[in-house]
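Going by the UniProt record's numbering, the first residue of the sequence shown is number 1, and it counts up by one from there.
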Amino acid sequence: MSEPPGAAVSLAEAPASTDRPSKKQEPTRVRQQRRPGRWVVTAVVLVLVAQILHGLVTNPFYQWDRFRYWFLRPAVLDGLLVTLEVTALSAVLGLLGGVLLALGRLSGSAVLRAVSWTYTWLFRSVPLIVVLIFLYNFSALYKTLSLGVPFGPAFVTFDESRLATDMAIAVVGLTLNEAAYAGEVVRGGILSVDQGQHEAAAALGLPRGHRFRRIVFPQALRSITPNYVNQLIGLIKSTSLVFYVSLLDLFGVVQSMGNTYPGDVVPLLMVATVWYLILTSAVSVAQFYVERYYARGATRSLPPTPLQRLRARLAQFRARSRGEAAV
1 MSEPPGAAVS LAEAPASTDR PSKKQEPTRV RQQRRPGRWV VTAVVLVLVA
51 QILHGLVTNP FYQWDRFRYW FLRPAVLDGL LVTLEVTALS AVLGLLGGVL
101 LALGRLSGSA VLRAVSWTYT WLFRSVPLIV VLIFLYNFSA LYKTLSLGVP
151 FGPAFVTFDE SRLATDMAIA VVGLTLNEAA YAGEVVRGGI LSVDQGQHEA
201 AAALGLPRGH RFRRIVFPQA LRSITPNYVN QLIGLIKSTS LVFYVSLLDL
251 FGVVQSMGNT YPGDVVPLLM VATVWYLILT SAVSVAQFYV ERYYARGATR
301 SLPPTPLQRL RARLAQFRAR SRGEAAV
């Protein structure tokens with residue numbers, strides 16, 4: 001029987017199998033999505049930054065030679081030390097006062113809650129300069145201070161004018177103001193701790209003070225640290241107001257030198273600006289490492305340090321360069 005045409009195909013006429021590729025397949029490369037808008041914005045920002053830097057360097061009005069002259073002068077360094085001293089004392093005392101105010105706000109006593117709330121409301125409402133000037137003239141209201149029986153005889157009497165030195169007025173004024181804000185920061189951090197932690201500590205029969213010091217407060221520090229460091233940066237800048245109570249801090253020295261050398265006002269202001277930038281940057285670096293320390297156990301992995309990020313970027317750059325060279 002003859003087969004119909006096209007019913008059978010000979011082996012020679014069979015098409016080549018598609019299972020075996022005729023050519024070597026190239027690996028698929030993933031191309032990154034193009035973002036022209038990002039490059040345009042980046043270019044605009046770089047141009048603006050370059051213009052600002054060029055203006056700072058080439059503008060003779062800044063008098064960078066006088067800036068170098070004043071930057072490390074002994075008078076400026078003495079003012080810087082006063083700023084550091086006032087900031088350190090006010091920060092420590094303000095944080096301690098803030099802890100007491102926060103505990104008062106969270107207390108079961110209605111009197112403590114009312115007094116703490118009133119203190120916070122008052123000192124957050126009154127400007128710091130008003131508090132400093134009021135303390136500077138405090139001796140006009142109370143010439144002597146005494147310790148003794150309430151509403152009774154006094155055992156020890158102090159002359160207020162001798163106690164109220166310029167440094168004491170500055171530290172007390174900044175501490176009173178800082179405690180009001182620190183109290184709210186600490187209270188928010190305590191409230192951020194899960195209620196189960198309080199209940200578990202109470203179930204173990206731990207005293208309230210031990211519960212707060214060893215369990216609640218260490219966990220609350222994760223929330224307190226970034227917020228209080230912001231307050232600390234603001235405190236560094238607020239020290240410039242102590243010049244109005246006759247304390248020559250960094251800004252006070254710059255202001256006095258500017259009055260004596262009116263031609264150097266701008267470089268002197270730049271000196272103060274750079275020193276404040278250095279101080280706040282140092283606090284920001286300390287904030288990063290403190291936050292990283294208290295992040296242990298709260299995150300799967302600790303955030304990388306700037307040095308670790310730099311090493312990772314270099315490793316990625318080297319790997320990308322080797323890959324492009326191989327292609």
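Even glycine gets a Cβ: it sits at the ideal position worked out from N, Cα and C.
For residue i, the three-state DSSP class (helix, strand or coil)
{"i": "Ser238", "result": "helix"}
{"i": "Phe67", "result": "helix"}
{"i": "Phe151", "result": "coil"}
{"i": "Val86", "result": "helix"}
{"i": "Thr120", "result": "helix"}
{"i": "Leu95", "result": "helix"}
{"i": "Ser125", "result": "helix"}
{"i": "Val271", "result": "helix"}
{"i": "Ala315", "result": "helix"}
{"i": "Val193", "result": "coil"}
{"i": "Ser146", "result": "strand"}
{"i": "Thr175", "result": "helix"}
{"i": "Thr157", "result": "strand"}
{"i": "Ala164", "result": "coil"}
{"i": "Ile103", "result": "The residue you asked about is not Ile; residue 103 is Leu in the sequence shown. If DSSP states are grouped into helix, strand and coil, Leu103 belongs with the helices."}
{"i": "Leu48", "result": "helix"}
{"i": "Thr280", "result": "helix"}
{"i": "Ser139", "result": "helix"}
{"i": "Gly108", "result": "coil"}
{"i": "Leu307", "result": "helix"}
{"i": "Gly205", "result": "coil"}
{"i": "Tyr261", "result": "coil"}
{"i": "Arg35", "result": "coil"}
For residue i, the nearest candidate out of the options (CA to CA)
{"i": "residue 329", "options": "Ile278, Gly188, Thr83 and Ala75", "result": "Residue 329 lies beyond the stretch modelled for the chain, which goes from 1 to 327, so this question has no answer here."}
{"i": "Gln219", "options": "Gly205, Glu199 and Val193", "result": "Val193"}
{"i": "Lys237", "options": "Ser246, Leu250, Val245 and Asn227", "result": "Leu250"}
{"i": "Leu268", "options": "Leu241, Tyr69, Arg292 and Thr165", "result": "Tyr69"}
{"i": "Trp275", "options": "Pro150, Ala102, Arg73 and Val47", "result": "Arg73"}
{"i": "Asn177", "options": "Leu279, Val253, Val130 and Gln51", "result": "Val130"}
{"i": "Arg66", "options": "Pro304, Val271 and Leu206", "result": "Val271"}
{"i": "Ile233", "options": "Ala91, Val41 and His54", "result": "Ala91"}
{"i": "Leu128", "options": "Ile169, Thr305 and Arg113", "result": "Ile169"}
{"i": "Tyr289", "options": "Val41, Thr273, Ser246 and Leu221", "result": "Leu221"}
{"i": "Val99", "options": "Arg320, Arg213 and Tyr261", "result": "Arg213"}
{"i": "Leu279", "options": "Gly108, Tyr261 and Leu77", "result": "Leu77"}
{"i": "Val126", "options": "Gly173, Leu310, Arg320 and Ser107", "result": "Gly173"}
{"i": "Ser223", "options": "Ala203, Leu277, Leu310 and Tyr294", "result": "Tyr294"}
Beta-carbon proximity list for residue i, same chain, < 7 Å, skipping 5 on both sides
{"i": "Thr87", "result": "Leu235, Ile236 and Thr239"}
{"i": "Ala102", "result": "Gly183, Val186, Arg187 and Ile190"}
{"i": "residue 358", "result": "Residue 358 lies beyond the range of the chain shown here (1 to 327); nothing can be said about it."}
{"i": "Ala8", "result": "Residue placement at Ala8 cannot be trusted, given a pLDDT of 48 that sits under 50; the coordinates are not used to answer."}
Assigned exposure category for residue i - 16 Cβ within 10 Å defines buried
{"i": "Thr225", "result": "buried"}
{"i": "Ser281", "result": "exposed"}
{"i": "Arg318", "result": "exposed"}
{"i": "Arg208", "result": "exposed"}
{"i": "Gly148", "result": "exposed"}
{"i": "Ala179", "result": "buried"}
{"i": "Gly263", "result": "exposed"}
{"i": "Tyr119", "result": "buried"}
{"i": "Gly55", "result": "exposed"}
{"i": "Thr136", "result": "One point to set straight first is that residue 136 is Tyr, not Thr, in the sequence displayed. Burial call: buried."}
{"i": "Gly108", "result": "exposed"}
{"i": "Gly205", "result": "exposed"}
{"i": "Gly37", "result": "exposed"}
C-beta atoms of residue i and residue j nearer than 8 Å
{"i": "residue 347", "j": "Arg105", "result": "For residue 347 there is no data in the structure shown, the boundaries of the chain being 1 and 327."}
{"i": "Arg187", "j": "Ala201", "result": "no"}
{"i": "Val229", "j": "Gln287", "result": "yes"}
{"i": "Ala164", "j": "Phe134", "result": "no"}
{"i": "Val253", "j": "Ala75", "result": "yes"}
{"i": "Thr175", "j": "Gly94", "result": "yes"}
{"i": "Tyr244", "j": "Leu132", "result": "yes"}
{"i": "Gln197", "j": "Val216", "result": "yes"}
{"i": "Ala140", "j": "Ser146", "result": "no"}
{"i": "Ser256", "j": "Leu248", "result": "yes"}
Other residues of its chain near residue i: CB distance less than 8 Å, five sequence neighbours each side excluded
{"i": "Val265", "result": "Gly258"}
{"i": "Ala12", "result": "With a pLDDT of only 47 at Ala12, under the threshold of 50, the placement of this residue in the model should not be trusted, and no figure is reported."}
{"i": "Ala312", "result": "Pro304"}
{"i": "residue 349", "result": "Residue coverage of the chain in this structure runs from 1 to 327, which leaves residue 349 outside it and unanswerable."}
{"i": "Asn227", "result": "Val185, Gly188 and Gly189"}
Cβ neighbours of residue i in the same chain (closer than 6 Å, five flanking residues each side left out)
{"i": "Tyr181", "result": "Gln231"}
{"i": "Leu89", "result": "Val171"}
{"i": "Val156", "result": "Leu147"}
{"i": "Leu307", "result": "none"}
{"i": "Arg124", "result": "Ala180"}
{"i": "Gly97", "result": "Ala179"}
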